Each structure stands twice: as structure tokens, then as C-alpha cells.
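Under our numbering, the residues of the sequence shown are numbered 470 to 1047, in order.
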Amino acid sequence: MALDRAGTIQAPGSAIAEIPPYNVSAAALQRYVEAVFCVRVDGRVEPANPVAQEFAALLAADDLARLSVMAAKSRTANRALVDMVDVGAGDKLQNIQVTLIPLDGGRGTLLFVCDLTLDTSSRLALVDSRRRYRDFTDISTNLAWETGADQRFVFVSPRGALGYAADELIALDPAKLMMADLTPGNEIPFLTRRRIENEEIWLKRSDGQAACVVISAMPLTARDGSWLGARGVCRDVTDARDSEATLARVRNRERVLTRIVRAFRDEVNPEAMLNVAAEALAKGLGAEDCHIFRDLPSGPGGAGGAALGFQLAARYGDLDAGAADPVLNSIAGGAGAVEMLLGNRQVLAARSRYQSGSNGAVVLWRAVDRGSWSDDDRLLIGDIANQVGITIEQITHHEHVLKISRTDALTGLLNRGAFMDALRRFVSRLIREGGNAVLMYVDLDNFKCVNDVRGHQAGDEVLLKICDILVQQTRPTDVISRLGGDEFAVWLNGADLTIARKRAEQFLEHTKALAHLSGNPDRPVGMSIGIAVWDHLGREDLSGLLARADAAMYKAKHSGKGSFTIADLPPPAAAGNT
């Protein structure tokens, strides 16, 4: 291919141009490994060696025209020129270096072509690759670093890390970044002699706070194996580890809370629920002791904190509940949560609540050397205290239901069923252990007249007055029951006949004060009392005792009312009837 004077392209495959023999070896041109062209004075571009013949096929008319112009400049200036030219188009674009040397006598110009396409592509690829890695390093939150043989940083990524600017880290001794107490073996990975992959280390931020970092690094060595430094990257995972730790604590709280809720669900006995809660809470929070208290309805009573309006409902551990009095005092003063140090124990307590009211308290005890309470501990005891509050309310409701099922609705005394249950226990103990006791049957005289004349409300008033008399004239250890209607029963624990006589006389004397409540002055309200002393010789059972007391009561009523009768002891013939 050649460009003639008119600028037209000669057909490919034309003969190699004859080079005038002016200090140019034709044989050398033939053996030259790159393309060589001869540009004639008239502008024609002709191949000067076989390589140029092949290369000419890649040149377009515009390419030849540019080469011709460049040759004219070289010839006119009469000096060699070197320039870079892009020839071809599309995927055949080539980057060539052109060297132009004028021939002696102005007979033309030799044009040497050096194809630098591969070199240029490689160089551009390398530049692009370096730019890419630099961009990745610039935008990455990871710290890329290198240490030198002097064991100091010689390179860090521009963003810096751990609160340090990049220039603050350059020439810094990496040992100053290490948290000595958190680094196993005091190894400094920035000066590693081995390859490191994703190892966690603790570094010191610029403000002195600890940072958890994942590091990968490799040593740099010379050809002789000597250590030249190390390179690596660090990734700050402190936030991730904090999140994982927080999630683990949340899961632990949920696990303990779930265990307690499951125990509440599976346990039938409400009081046992609190014992389960005390144990689970103590173990879940690493405490040695746990106390759960209930609010007292009114007045003192119970053990541990009773004077402050609390009674112990459940416990875990051996610590006496009375130790919690200072804590309960704070809670009684209005504190919803309490944290204090008592002796060598740390205390964490929270109010238990149901709906809008409080009904108890949960108190945890932990030895001082076990560490202080955490925010998670405070959250957990609050959550469990709420569950405990629900359980305490259930227990209160259960006790209320139990109470109304065992007591008389009007007087609050034990009903017949509850009284008989109590008597069975008492009699069983008397048979087993011996002792004294007296059963008294009390039947009101002329009570029907009160209802008929004054109405049932007046009758209820009489019953309540009788209840007051019986309660006030007996001891707390005695048991009183309204059997039904106007019938009452009194069990005198540990009493003998002398005490029974005295009680009966007191009952009758105080009943005289109810005369104004009678339905008719001629038929005053009174009592007929039957007294049966327990036969400590064991010659009767409970049914026999009841029968004797009942018979004695009717004997007193038939004898004129307002009196008491003492039943005879069972005859010897009743022996063995147990």
C-alpha cells in the first residue's frame, strides 16, 4: 500500500521500495524486526522491508497522510524526529512510535515504526489498577499500613484510624497502640514475623479507650531472608462486638425471664411460683441470695421486714430476711428501685407491681467481689419484678378465694367444713401425742324471735355481737366456727374443764348485754352451751366427741336455756373405737 502524489493509496502487495544507497544498508532493513517505510519526496509511503508490507495493511488513508506530513517536516527540517501516533480504529487501534530520518540529498525519508500498543495497554492497565487500589484504600474504613525495618509505621491509609490522623501514625511505634492487658503474649502484630489472618486484637484509641480490631498481616523479607517490616489491614469491629455483647445480654435476660414465666405456667401452687422465681432470678444474675416480699394488708406480721409493711413470701439462699430491712425501708419510702452496699454484699431491689399499684419487692444479694450490678441486671430484675407482681396478685386472689370458701360470709369465722378439717388435725395430734382440749357447742336462745319481730338485719347484728363475744373471750390459739344459723362451736386448745367452765361463764355473762336486741323482753337473747372435755385416755374418736358436745348443748337448752352443761366422759365400753 502506498500514497501517491495525488494522495491516492497504492494497492497492497506492492514491491518493497528501492532505497537509494546513501549510507543505508538494504540488507539491514530487510532483517529489521519492526516495520520500516520509505516516504518519497512526492509523498508516497512505501514499505521498505517485509514487516512493513504486513503492517501497511493496517493503515488507513488518513494514517498514511499523517505519516507523509510528518516525513515532510523531518525532511524540511533536515533532522530526525520521533513522535507517537495512533493508527487504525476500533479494536485494531495501535499505538506506534515513529522515528523519521531524512535521506541524504533530500531523496526521501526513512520511517521506522515501533509498535508500543502492548506496552501502552500494560502501562494504562497498571495505572488504572493503581488508581483503583488507591481509591479502594481511600474510601475504605479499614486501616492499611506498613511498618519498616525500624519497627515504625512508614505508610498508613489517608483516612487514619482509631482517632488518629494519618500523619500522626507515620513514624509511630506500633507498641504504643497496643492494650497490653488485652493482648495475648504481648505480641505486636504490626511487627509480625508470620502471616496473620483475621486475628482479633485490642488497640488503644487516641482518647485511651479500647478498640477491638480484626487484623490480617504478612511479613516483608529481603532475598536473604532478613526481616524488612510488615504490611497489613485492620478493621475496627468494636461496634459489632458491642452489638453482639448487647444481643447476648438481651438473650440472657430473655432466657431467664422465659424460664421464670414457664415455671409460673407449669406450677399449680401459686406460692411455689415465687420460690421458683427466687431461685431462677438469683442464678440468672449471679446472686447468692434472693428474697421476695409481699405487702402486708395491714398491721405487723410475718418475718423479715414485717414492721415495714412487708412479709417474706419466698427466698433462695441462707441469708436471714431481716437483713433486707434497710432496703425495704427505702422501698417503703417510695423508691421504685434500690441499689446499695450492705456489709460485704451488694444489694439490688425492685418494687413488684400489678397494674397501677405496688404489691411487694424483690431483693437480690451478691458478694462485692462478684462485680457491680450492670444495666442488664437492673433491666432483668425490673422485668421479673413485674412478673412477680402478677404472681403475688394471683396468690392474693387465691387466698381470698380460699378464705371465702372456708369462712362464714357474715362473721368471718370458720365455716363448718373448715372447722371440721381443723378438728381432725387437732384430734389426730391429741391421739398421737396426748394433751388436753375442750369442745364447746353454742346455740343461741330465742334467736328466731329476733328475726320474726325485728327482722333479719337485727338478727345479723345479734350474730355479729355473739361473734365478738366468742373472739374476745378466747385465745388466738383457740378455734371458733359458725356452724350454721345460730349455732357456733369453740375448740379450746390445751384447756381443761376448769378453763372451759370459766369460758362458758364469761360467754353467758357478756350475752346478757344483748338483751336490748331481743325480739321480746320475755324471751331474751341468750346461749345454751354444751361442753365436752377430750378424753385423754383415748376412749373415743372425733365423732364421739362431737356427739357428746351436741348432746350436752341440747341438755342445757332443755334445762331452761341460758346455761351450760358438761358432758360425761365416754364409758369404758367405747374403748378401742378410734
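Glycine included, each C-beta is placed from N, C-alpha and C at the ideal position.
Note that the coordinates shown come from a computational prediction; the quantities given were computed from them, not determined experimentally.
Through-space distance from residue j to residue i, alpha-carbon basis
i, j, result
"N920", "M1022", "22 Å"
"Q522", "A504", "8 Å"
"R1008", "A1001", "13 Å"
"L913", "N962", "23 Å"
"A635", "V816", "48 Å"
"L585", "Q566", "7 Å"
"P1039", "H866", "44 Å"
"Q479", "R601", "Residue confidence for Q479 is low, a pLDDT of 48 falling below 50, so the modelled location carries little weight and cannot support an answer."
"P490", "G557", "Only weak support exists for where P490 lies, its pLDDT of 48 falling under 50; the coordinates are left without a value."
"Y633", "A680", "13 Å"
"N738", "R847", "28 Å"
"A495", "C507", "12 Å"
"D552", "S626", "39 Å"
"N915", "L952", "17 Å"
"D1037", "K934", "30 Å"
"Q856", "I729", "8 Å"
"L672", "G617", "20 Å"
"N884", "D991", "31 Å"
"N721", "R628", "38 Å"
"L593", "S712", "44 Å"
"A1025", "M909", "12 Å"
"G904", "R970", "18 Å"
"K1030", "A927", "21 Å"
"W842", "I800", "18 Å"
"R474", "N547", "Annotation note: pLDDT 41 at R474 (below 50); position unreliable, coordinate value reported separately. When rounded, the distance between both Cα atoms is 21 Å."
"M648", "G805", "40 Å"
"Q449", "R535", "Here the chain covers residues 470 to 1047 and nothing more, so residue 449 does not appear."
"R893", "I900", "10 Å"
"E740", "E902", "30 Å"
One or two residues paired with residue i in a DSSP bridge
i, result
"G916", "Residue identity check: residue 916 is Phe in the sequence provided, not Gly. In the DSSP output, where bridge partners are listed per residue, F916 has none listed."
"Y910", "A958, G999"
"N989", "R992"
"K673", "A679"
"M647", "L672"
"A819", "A806, V831"
"S950", "L883, A958"
"F624", "E615"
"D633", "A small fix is needed here, since residue 633 is Tyr in this sequence, not Asp. BP columns for Y633 point to A630."
"W842", "Per DSSP, none; premise fails for W842."
"M687", "R700"
"D758", "W834"
"R763", "Q780, G829"
Check whether residue i and residue j have beta carbons under 7 Å apart
i, j, result
"G786", "E808", "no"
"N611", "T589", "no"
"S825", "A854", "no"
"F1033", "A973", "yes"
"V1101", "M996", "With the chain covering only 470 through 1047, there is no way to say anything about residue 1101."
"V682", "D705", "yes"
"L781", "F762", "yes"
"P658", "I670", "yes"
"A686", "T661", "yes"
"V554", "S537", "no"
"L765", "C759", "no"
"I684", "E668", "yes"
"I949", "L1006", "no"
"M742", "E748", "no"
"V896", "L1015", "no"
"E862", "Y823", "yes"
"H979", "I1035", "no"
"A818", "V837", "no"
"V922", "G988", "yes"
"L641", "F622", "yes"
"R718", "D845", "yes"
Rounded Cβ spacing between residue i and residue j (contact assumed at less than 8 Å)
i, j, result
"G829", "G858", "7 Å"
"L572", "S543", "Going by Cβ atoms, the distance from L572 to S543 rounds to 10 Å, so no, they are not a contact pair."
"L879", "D929", "6 Å"
"L689", "G701", "At roughly 10 Å, the Cβ-Cβ gap does not stay under 8 Å, so L689 and G701 are not in contact."
"P795", "L810", "Not confirmed; about 11 Å, so no contact."
"V510", "G577", "6 Å"
"K561", "L527", "6 Å"
"L498", "N518", "5 Å"
"V959", "T946", "That pair is no contact at about 12 Å."
"R674", "G755", "Between G755 and R674 the Cβ distance is about 30 Å, and since that is not below 8 Å, they are no contact."
**Asked** Considering only residues of the stretch 545-583, which uninterrupted alpha helix (DSSP H) runs meet the minimum length of 4 residues and lie entirely inside it, listed in chain order?
**Response** None, since the stretch 545-583 contains no complete alpha helix (DSSP H) of that length.
**Request:** Any chance you could list the beta strand (DSSP E) runs of at least 3 consecutive residues sitting entirely within the stretch 782-814, in chain order?
**Result:** Complete beta strand (DSSP E) runs here, min 3: 806-811.
**Request:** Mind listing, in chain order, the continuous alpha helix (DSSP H) runs of no fewer than 4 residues lying wholly within the stretch 725-758?
**Result:** Along the stretch 725-758, the alpha helix (DSSP H) occurs as fully enclosed runs of 4 or more residues at 739-753, listed in sequence order.
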